[in-house]
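Residue numbers (our numbering), protein chains in the order written: chain Y, 17 to 158; chain B, 17 to 158. In this text, a Cβ means the ideal position worked out from N, Cα and C, and glycines have one as well. Only a predicted model underlies this, so the values are computations on that prediction, with no experimental measurement involved. Input: a single structure, listed below in structure tokens.
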DNA sequence: CTGATTGCAAAAATTTTGCAAGCCT
DNA sequence: AGGCTTGCAAAATTTTTGCAATCAG
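Have a look at this one:
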């Protein structure tokens, strides 16, 4: 579905913003980029990224996550627990979330594009991405 | 804009679900209901609610927040930090979030209704509420 | 080289839990 | 009265910070 930016491109964005490419950041970037639909919390990211770069420290993951959020590469979202999970910030994310069991289904279409246009005009905002979530009960939980 | 349920009505929902109305819960409920557009984190809620009911303990706030979330009266969302903030779960929430300064503008209409209908059919979901957020840069930050 | 970045360990902050006492119905 | 709820204090988690050593450019 969505065309994701390659890890190379993301590295480029890091550089353009004046940050260094370190093994720690690269590992986090790879983990994040390895699965378009991943929703990983900081602890997950640490575990995954350590497979690539074992020396990685926990604090560094937080710092990398913060940096990547600042660069609009990631975005934290709520998925039922008290810890944030991070998703790719690009484009749109469309979730159907079950309040009962927590299942998350992704769906494709949404007409946020049109609305986006008029909001840009109305509020003078420059819009880059969006999140649309519906909450309810899934088939199984009914 | 949205017609909010009165505190009385919410109390009723608590009761119907078989929970007791205690001063702690009432205080949290009042805080939550005092401002339609509040985005409070647990610590904020504790501080506010203690003005109403000073004996209130922190753990109780977490328990109340959890309960109210379960009853679909509240919903946690992430707004750029690592702690969740709680918003009224009713109906839809439509945010224009500035990545730069964090400002959140609410806008009124969105096309979620139509989509909601088709998603219910397609996935067998029973949809109760939704969240639509656009991310970008506000007028001032450009 | 040189400042940005890291890992570590310690400090903070947040969230969860156990339990006796207290309160709602 | 009886059981749900509470506040407290302690445990568990999660997040942030200070700093010397290291690394990318």
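Min CB distance residue 21 of chain B to chain Y below 8 Å
no
Quick check: is the beta carbon of residue 98 of chain Y nearer than 8 Å to any beta carbon in chain B?
yes
Meets three-Cβ-pair contact criterion under 8 Å: the region 144-152 of chain Y and the region 113-125 of chain Y:
yes
CA-to-CA distance, residue 67 of chain Y to residue 87 of chain B, given in whole angstroms:
40 Å
Touching by the beta-carbon criterion (3+ pairs, under 8 Å), the region 47-63 of chain Y and the region 130-143 of chain Y:
no
Hey, would you say residue 58 of chain B sits closer than 8 Å to residue 94 of chain Y, going by beta carbons?
no
Can you tell me which residues form a DSSP beta bridge with residue 142 of chain B?
Y:153
Select from Y:113, Y:82, Y:35, Y:40 the residue whose C-alpha is nearest the C-alpha of residue 140 of chain B.
Y:113
Report the three-state DSSP secondary structure of residue 108 of chain B (helix, strand or coil).
strand
Among B:110, B:47, B:115, B:77, which residue has its Cα nearest to the Cα of residue 146 of chain B?
B:110
Looking only at C-alpha atoms, which of B:129, B:119, B:98, B:25 sits nearest to residue 107 of chain B?
B:129
Using a cut-off of 8 Å between C-beta atoms, extract the partners of residue 34 of chain Y located in chain B.
What residue 34 of chain Y touches in chain B: nothing, since even the nearest Cβ is about 17 Å away.
Rank Y:48, Y:39, Y:97, Y:90 by C-alpha distance to the C-alpha of residue 69 of chain Y and give the top, closest one.
Y:39
May I ask you to report which of helix, strand or coil DSSP gives residue 119 of chain Y?
coil
Quick one, which of B:131, B:144, B:116, B:143 has its alpha-carbon nearest residue 143 of chain Y's?
B:116
Per DSSP, what are the beta-bridge partners of residue 103 of chain Y in this structure?
Y:91
Please list, in chain order, all residues of the same chain as residue 43 of chain B whose beta carbon is under 7 Å from its beta carbon, the five residues on each side excluded.
65, 68, 69, 72
Partner residues on chain Y for residue 112 of chain B, Cβ-Cβ distance less than 7 Å
135, 139, 141
Could you tell me the distance, in whole angstroms, from the CA atom of residue 27 of chain Y to the CA atom of residue 20 of chain Y?
13 Å
Could you give the distance in angstroms between the alpha-carbon of residue 17 of chain B and the alpha-carbon of residue 46 of chain Y?
Confidence at residue 17 of chain B is low in this model, with a pLDDT of 49, below 50, so the placement of that residue should be treated as unreliable; the coordinate-derived value is given next. Computed Cα separation, rounded: 44 Å.
Simplified DSSP assignment, three categories, for residue 20 of chain Y
coil
Please state the DSSP three-state secondary structure of residue 84 of chain B.
helix
For residue 41 of chain Y, does the count of other Cβ atoms within 10 angstroms reach 16, so buried, or fall short, so exposed?
buried
So what's residue 56 of chain B in DSSP terms, helix, strand or just coil?
strand
Less than 8 Å separating the beta-carbons of residue 16 of chain Y and residue 102 of chain Y?
No statement about residue 16 of chain Y is possible, as the shown extent of chain Y runs from 17 to 158 and does not include it.
Closer than 8 Å at the beta carbon, the chain B residues around residue 27 of chain Y
Per Cβ cutoff of 8 Å: no residues; residue 27 of chain Y is ~21 Å from chain B at best.
Whole-Å CB distance - residue 83 of chain Y paired with residue 127 of chain B, under 8 Å assumed:
Contact doesn't hold; Cβ gap of about 34 Å is too wide.
If we cut at 8 Å on Cβ distances, does residue 126 of chain Y have a partner in chain B?
yes
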